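>
2 protein chains.
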Amino acid sequence: MDKKKKKAIESKGYRVGSVDEFLGLSADEMEYIELKLSLSQALTKHRKKSKLTQAQLAKRLKSSQSRVAKMENGDPSVSVDLLIKSLLALGADKNSIAKAII
Amino acid sequence: MDKKKKKAIESKGYRVGSVDEFLGLSADEMEYIELKLSLSQALTKHRKKSKLTQAQLAKRLKSSQSRVAKMENGDPSVSVDLLIKSLLALGADKNSIAKAII
DNA sequence: TGACAATATGTCAGATCTGACATAATATAA
DNA sequence: TTATATTATGTCAGATCTGACATATTGTCA
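What follows is the structure, encoded as structure tokens:
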């Protein structure tokens with residue numbers, strides 16, 4: 049398990065349901081977090097391929113550097129919607145998004 | 049273009065940005081809506097495969113029938129997060145979710 | 001046809017997410 | 001090392017999403 053996944057999963061920020069498993073997360077919750085994390089990592093990859101800093105990407109997205117940092121780190125306050133919109137803004141297409149989450 | 053896609057795209061419900069194109073949606077916004085719609089359709093497919101009514105699925109999700117209906121119809125008030133969580137609750141895995149959005 | 005089941009639509013209070021800001025931590029180069 | 005650039009973290013008001021409810025519409029079957 050790599051550093052980012054560990055960080056996101058250990059995060060106390062996630063509001064979890066009632067079924068207790070590893071660290072209080074259900075299997076579905078785990079899968080959801082892993083999927084989000086995959087998109088986070090894809091975002092970092094695409095940003096770097098485009099040779100943009102987080103601040104530059106933030107400007108393009110009409111967002112802020114801090115939010116981009118949160119996106120790339122799988123922060124619980126970031127939605128999959130925002131990740132997908134950001135990936136699309138970086139030129140990712142359906143296929144590469146689909147590939148990222150597998 | 050099938051009925052559902054047309055409905056979602058024509059929907060006045062979507063809050064759109066500044067770049068005007070077909071019906072006032074940018075290319076990225078279009079792609080995002082299409083991706084959401086693909087997940088909507090996958091949800092309907094999975095629900096029917098499980099032989100559940102919208103009300104039964106709603107109960108499993110701790111949600112409501114009306115929200116399930118909105119999910120399946122690509123309503124703008126439904127997030128990709130909710131669609132993905134619902135698909136996972138229906139037993140869909142990463143691969144089938146990825147396949148759905150291609 | 002009528003009765004019932006299933007799905008769709010509209011609304012809203014409460015919950016969650018977002019951009020923005022400040023500031024801390026870490027990298028990179030001189 | 002010291003600057004400077006880049007990334008990370010914490011917070012919060014305003015925006016968006018959610019579950020729930022009422023109700024309308026559509027489907028199904030006798």
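Sequence lines, in order, name chains A and B. In terms of our numbering, the first sequence opens at residue 49 and continues consecutively. In terms of our numbering, the second sequence opens at residue 49 and continues consecutively. Glycine residues also receive a C-beta, built at the ideal position from the N, C-alpha and C atoms. Just so you know, these numbers come straight off a predicted model, no measurement behind them.
Can you give me the C-alpha to C-alpha distance between B/Ala137 and A/Asp76, rounded to a whole angstrom?
Roughly 7 Å separates the two Cα atoms.
> Mapping the DSSP letters down to three states, classify A/Ala117 as helix, strand or coil.
In the structure shown, A/Ala117 sits in a helix (DSSP, three-state: H, G or I).
> Looking only at its chain, what residues have a beta carbon closer than 6 Å to the beta carbon of B/Val126, apart from the 5 residues adjacent to it on each side?
Result list for B/Val126: Lys118, Met119, in chain order.
> Leaving aside the five residues before and after A/Leu87 along the sequence, list all residues of the same chain whose C-beta is less than 8 Å from its C-beta, in chain order.
Here the set comprises Val128, Leu131, Ile132, Leu135, Ile145, Ala148, Ile149.
> For B/Val153, which of helix, strand or coil comes out of DSSP?
Given a span of 49 to 150 for chain B in the structure shown, any question on residue 153 of chain B remains unanswerable.
> At 4 residues or longer, and completely inside the stretch 79-115 of chain B: list those alpha helix (DSSP H) runs for me, N to C.
Within the stretch 79-115 of chain B, the complete alpha helix (DSSP H) runs of at least 4 residues are 102-109.
> Here's the rule I'm using: 16 or more other beta-carbon atoms within 10 Å means buried, otherwise exposed. How should A/Gly122 be labelled?
Label assigned to A/Gly122: buried.
> Out of A/Ser74, A/Ser114, A/Glu79, point me to the one whose CA is closest to B/Asp141's CA.
Checked all of A/Ser74, A/Ser114, A/Glu79; the closest Cα to B/Asp141 is A/Glu79.
> What would DSSP say about B/Ile145, mapped onto helix, strand or coil?
Reduced to three states, the DSSP call for B/Ile145 is helix.
> Do B/Leu105 and B/Val116 have their C-beta atoms closer together than 7 Å?
A contact, by the Cβ cut-off of 7 Å.
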